[in-house]
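Engineer: As they're listed, the protein sequences go chains P and S.
Per the working numbering, the very first residue in the first sequence carries number 39; after that it's consecutive.
Per the working numbering, the very first residue in the second sequence carries number 3; after that it's consecutive.
Even for Gly, the Cβ is constructed at its ideal location relative to N, Cα and C.
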Amino acid sequence: MTGDGNGTDLTGAEAKAWLLAFAERVVAGADELTELDRRAGDGDFGWNISSALKRGREGLAGTEGEHPAQVFQTVSDAFLASGGTSGPLFGLWFGRLGAGPSAPWDVPALGAAFGMATGAVRRLGKAEVGHKTMVDAMAPATDALTETTSGTWREAVVDAARAARAGADSTSGMIAHRGRASYLGERAQDVLDPGAVAVAWFFESAEGA
Amino acid sequence: MSRFFMNERETLVEQALEGLVEAHSGLIDVHTDPLFVTRRVPAPGKVALVSGGGSGHEPLHTGFVGQGMLDAAVPGDVFASPTALQVRAAIQAADTGEGTVMVVKNYTGDVLNFSIAAELLSETHRVEQVLVDDDLATQKEDEGGPGRRGTAAVVAVEKICGAAAEAGAPIVEVRELGREVVARSATLGVSFEACTNPMTGRRSFDLDPGQMEFGVGIHGERGIETRPITGAAELVESLVTPLVESVGLKRGDAVLAIVNGLGATHGLELGVAARETRRVLDGLGIGVARSLVGPYVTSLDMKGLSITLTALTDDLVKFWDAPVRTPALVW
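1) How about S210 (chain P): is its C-beta nearer than 8 Å to some C-beta of chain S?
2) Looking only at C-alpha atoms, which of S:L294, S:G254 and S:R5 sits nearest to G287 (chain S)?
3) Let me check one thing: in DSSP terms, what residues is H33 (chain S) bridge-paired to?
4) Just the C-alpha distance for G147 (chain S) and V113 (chain S), rounded to the nearest angstrom, thanks.
5) Ordered along the chain, which non-local residues of its own chain (more than five positions away) have a Cβ less than 8 Å from that of A276 (chain S)?
6) When the cut-off is 8 Å and only beta carbons count, does A139 (chain S) lie next to chain P?
7) In three-state DSSP terms, what is A196 (chain S)?
8) I need the straight-line Cα distance from G47 (chain S) to I220 (chain S), nearest angstrom please.
9) Could you tell me the distance, in whole angstroms, from the CA atom of G54 (chain S) to the CA atom of E193 (chain P)?
10) Going by DSSP, name the residue or residues bridged to N48 (chain P).
11) Applying the criterion that 16 or more other CB atoms from any shown protein chain within 10 Å of the CB defines a buried residue, is E245 (chain P) buried or exposed?
12) For T49 (chain P) versus P146 (chain P), is the C-beta distance shorter than 8 Å?
13) Using the C-alpha atoms, what's the distance from L72 (chain S) back to P325 (chain S)?
14) Can you tell which of P:G223, P:L127 and P:T156 has its C-alpha closest to the C-alpha of L183 (chain P)?
15) For A74 (chain S) and S210 (chain P), I'd like the C-alpha separation in whole angstroms.
16) Could you tell me whether the Cβ atoms of F207 (chain S) and K305 (chain S) are closer together than 8 Å?
17) Given a cut-off of 8 Å on the beta-carbon distance, is the pair A2 (chain S) and V52 (chain S) in contact?
18) At 8 Å on the CB atoms, spell out the chain S contacts of S120 (chain P), in chain order.
19) Excluding the 5 residues preceding and the 5 following L190 (chain S) in the sequence, name in chain order all residues of the same chain whose CB lies nearer than 7 Å to its CB.
20) Can you give the Cα-Cα distance for A166 (chain S) and F321 (chain S), rounded to whole angstroms?
21) So, helix, strand or coil for T228 (chain S), using DSSP?
22) Over what stretch of residues does the alpha helix (DSSP H) that includes P329 (chain S) continue unbroken?
23) Exposed or buried, what is V174 (chain S) when buried is set at 16 or more other beta-carbons lying within 10 Å of its beta-carbon?
24) Using alpha carbons as the reference points, say which of S:D317, S:A158, S:G212 and S:E239 lies closest to D284 (chain S).
25) Quick one: what's A339 (chain S) bridged to in DSSP?
26) Tell me which residue opens and which closes the beta strand (DSSP E) that L294 (chain S) is part of.
27) Quick one, are the C-beta atoms of V299 (chain S) and V105 (chain S) less than 8 Å apart?
28) If we ignore side chains and look at the alpha-carbon of each, how far apart do P126 (chain P) and I231 (chain S) end up?
29) For T49 (chain P), decide whether its Cβ has a neighbour in chain S, counting only Cβ atoms nearer than 8 Å.
30) Identify the continuous alpha helix (DSSP H) that holds M214 (chain S) and give its terminal residues.
31) As an exercise, report each continuous beta strand (DSSP E) stretch of at least 3 residues that is fully enclosed by the region 95 to 161 of chain S, in chain order.
32) Under a CB-based cut-off of 8 Å, is L91 (chain P) close to chain S?
33) Closer than 8 Å is the cut-off here; do at least three beta carbon pairs connect the region 65 to 74 of chain P with the region 12 to 26 of chain S?
34) Suppose the cutoff is 6 Å on Cβ atoms and the five residues either side in sequence are ignored; what does the same chain contact list for V192 (chain S) look like?
35) Going by the DSSP bridge assignment, what does P325 (chain S) pair with across the sheet?
36) Taking Cβ-Cβ distances below 9 Å as the criterion, which residues of the region 56 to 72 of chain S are in contact with chain B?
Right, dumping it as structure tokens:
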């Protein structure tokens, strides 16, 4: 089935709306992420990710959003220009999504693209589920996308958002093994990982976009 | 007012590169947005060699771009990794179809950003990595830690890989030569005075009179131990002896000795250090077949020095001796 806004496949225009909604959510909630990071890390996460998405928003404004890969690529470049660890890893994630098919994505294509992207973040970030990082939300969301029985991309992403949120919530209570929070160990145990929260926001932003 | 010589902190790295290009306009070009340095005249038909890392270590890496060494260098901010976007752009500019070998010092940020750039180019470019982790002071037994830091052995890696690439060696050979140099190298550093933070103008640590930091890296951090300052002969011996053991050098072996100034150590002092290095090695029956003495991998204006030993083979000597023409290294 070809994507022509029939609701089954993710089109470029829909991907662009999704990313813009995500950017809006992050820019509005940057202080919330910063506060989490301040308690668990060094406090620059909210600023880093919202500046990247502001750049990404400017980039998106200049594109037609021909297909999802092109949209994700544009956002990737904005993240790849940031310092720290989470920014480059988001850049990698979106960059691998940007290597997906140059056409609208049906649900299996969506699952395959996220599978490749999350695999790259796990490999290069050397993070697994339970390490209190963005992977705690990415991995279950990706599993939901690849295992979903939904026929439309929106339903599939709703499943992914639910899984991502549960994954992000599970980071409270975890002791960090990777990233800045690992230096604090048990002292940051009850804090949600801001990277995982941002991933949950990403999947939740598809609804209504 | 900082006593660090610059206009604004934000433009420090880019303006310094403009000056470097001004002084060596026949050799290198600077690209902005994103920032990286390439050879003035690209060398087609050979493996590209790309390196980079935080600034504040000059002449590393930008001073080693040119014939017989790097094709591109990617500078980060002071003591901060370059971004993956910069690294990707530099590889795209340097790679002429024979693939790229990246020389990466072992720091979390550098490794992450270089690896991400390589991963994102994997459909279109063949990219291989040589990880440099020569600093003996950060050797730990635990698995899963960050591992040893990358310090002055990176100069030997860039020189030898650069010569091999220039001679037309295929990508795997260039990579394996680089890894061989790393495996045969170890470095130890010592500091008598910390470096100045360009932002605050403050020293990164304080030492009591008569004390030195033993086992320092190249980012202004403290070493593994504070010790009383000893005479030059004794101090060099305390650096060289663990290196000999770590590299596994035996009587009759030949080494490359890099006696490296960390930024504010005078040439006279480095000359004495080079002499003492040779004396200690002579006493062990180890020959200094080649040496490099000067400030090549600095830590801003840190007063101190590092010694690197690389066990040589005939092949490594050949590539070390091959012609090189860069801002910081010419023969």
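Structural biologist: So, from the data block:
1) In the first sequence, counting from the first residue as 1, residue 210 (chain P) sits at position 172. With 8 Å as the cut-off, S210 (chain P) does not count as an interface residue toward chain S.
2) Your numbering for residue 287 (chain S) matches position 285 in the second sequence. The shortest Cα separation from G287 (chain S) among S:L294, S:G254 and S:R5 belongs to S:G254.
3) To locate residue 33 (chain S), count along the second sequence from 1; it is residue 31. Beta-bridge pairing links H33 (chain S) to S:F38.
4) Translated into the one-based positions of the second sequence, residue 147 (chain S) becomes position 145. Translated into the one-based positions of the second sequence, residue 113 (chain S) becomes position 111. Rounded to whole angstroms, G147 (chain S) to V113 (chain S) spans 14 Å at the Cα level.
5) Translated into positions along the second sequence, residue 276 (chain S) becomes position 274. Same-chain partners within the cutoff: A259, V261, S293 and V295.
6) Counted from its first residue, the second sequence places residue 139 (chain S) at position 137. At a cut-off of 8 Å, the C-beta of A139 (chain S) has no neighbouring C-beta in chain P.
7) Counting from 1 along the second sequence, the entry for residue 196 (chain S) is found at position 194. A196 (chain S) falls in the coil class under three-state DSSP.
8) As a first step, residue 47 (chain S) must be located in the second sequence, where it is residue number 45. As a first step, residue 220 (chain S) must be located in the second sequence, where it is residue number 218. The alpha-carbon atoms of G47 (chain S) and I220 (chain S) are separated by roughly 35 Å.
9) Numbered from its first residue, the second sequence carries residue 54 (chain S) at position 52. Numbered from its first residue, the first sequence carries residue 193 (chain P) at position 155. Whole-angstrom Cα-Cα distance: 45 Å.
10) Here residue 48 (chain P) is taken as the residue at index 10 of the first sequence, counted from 1. In the sequence as presented, Asn is not what sits at residue 48 (chain P); that position holds Leu. DSSP, once it has assigned bridges, lists P:W143 as partnering L48 (chain P).
11) On the first sequence, position 207 is the one that residue 245 (chain P) refers to. With fewer than 16 Cβ atoms within 10 Å of its Cβ, E245 (chain P) is classed as exposed.
12) Taking the first residue of the first sequence as 1, we reach residue 49 (chain P) at position 11. Taking the first residue of the first sequence as 1, we reach residue 146 (chain P) at position 108. Taking a C-beta distance under 8 Å as the contact criterion, T49 (chain P) and P146 (chain P) do not qualify as a contact pair.
13) By one-based count along the second sequence, residue 325 (chain S) stands at place 323. By one-based count along the second sequence, residue 72 (chain S) stands at place 70. Going from the Cα of P325 (chain S) to the Cα of L72 (chain S) covers about 13 Å.
14) Position 145 of the first sequence, counting from 1, holds the residue named residue 183 (chain P). Closest option to L183 (chain P), judged by alpha-carbon separation, among P:G223, P:L127 and P:T156: P:T156.
15) The residue given as residue 74 (chain S) occupies position 72 in the second sequence. The residue given as residue 210 (chain P) occupies position 172 in the first sequence. Whole-angstrom Cα-Cα distance: 44 Å.
16) Numbered from its first residue, the second sequence carries residue 207 (chain S) at position 205. Numbered from its first residue, the second sequence carries residue 305 (chain S) at position 303. No; because the gap between Cβ atoms is not below 8 Å, this pair is not in contact.
17) This structure cannot speak to residue 2 (chain S), because chain S is shown only from 3 to 333.
18) Locating residue 120 (chain P) in the first sequence gives position 82, counting from the first residue. Within 8 Å Cβ-Cβ: T85.
19) In the second sequence, residue 190 (chain S) corresponds to position 188, counting from 1. Hits under 7 Å: L138, A139, G217, L241, P244, L245, S308 and I309.
20) Taking the first residue of the second sequence as position 1, residue 166 (chain S) is located at position 164. Taking the first residue of the second sequence as position 1, residue 321 (chain S) is located at position 319. The alpha-carbon atoms of A166 (chain S) and F321 (chain S) are separated by roughly 6 Å.
21) Within the second sequence, the letter at position 226 stands for residue 228 (chain S). In this structure, T228 (chain S) counts as strand in the three-state DSSP scheme.
22) Here residue 329 (chain S) is taken as the residue at index 327 of the second sequence, counted from 1. Counting along the chain, P329 (chain S) falls outside any alpha helix (DSSP H), and DSSP gives it neither H nor E.
23) By one-based count along the second sequence, residue 174 (chain S) stands at place 172. With fewer than 16 other Cβ atoms within 10 Å, it is exposed.
24) Indexing the second sequence from 1 puts residue 284 (chain S) at position 282. Cα-wise, what sits closest to D284 (chain S) is S:E239.
25) Within the shown structure, residues of chain S are numbered from 3 to 333, placing residue 339 (chain S) beyond reach of any answer.
26) Taking the second sequence and counting its residues from 1, one reaches residue 294 (chain S) at position 292. G289 to G296 is the extent of the beta strand (DSSP E) around L294 (chain S).
27) Mapped onto the second sequence, residue 299 (chain S) falls at position 297. Mapped onto the second sequence, residue 105 (chain S) falls at position 103. No, the Cβ-Cβ distance between V299 (chain S) and V105 (chain S) is not below 8 Å.
28) Numbered from 1 along the first sequence, position 88 holds the residue referred to as residue 126 (chain P). Numbered from 1 along the second sequence, position 229 holds the residue referred to as residue 231 (chain S). Distance from the CA of P126 (chain P) to the CA of I231 (chain S), rounded to the nearest whole angstrom, comes to 42 Å.
29) In the first sequence, the residue the question calls residue 49 (chain P) occupies position 11. Not one chain S Cβ lies under 8 Å of T49 (chain P).
30) As a first step, residue 214 (chain S) is located in the second sequence; it is residue number 212 there, counting from the start. Where M214 (chain S) is concerned, there is no enclosing alpha helix (DSSP H), although the beta strand (DSSP E) it sits in stretches over Q213 to F216.
31) 102 to 107 and 129 to 134
32) Residue numbering aside, residue 91 (chain P) sits at position 53 when the first sequence is read from its first letter. L91 (chain P) does not count as touching chain S.
33) no
34) Position 190 of the second sequence, counted from the start, is the residue given in the question as residue 192 (chain S). Correct list, in chain order: M214, F216 and G306.
35) The residue given as residue 325 (chain S) occupies position 323 in the second sequence. According to DSSP, P325 (chain S) bridges with nothing at all.
36) The chain labelled as chain B is not found among the protein chains of the depicted structure, namely P and S.
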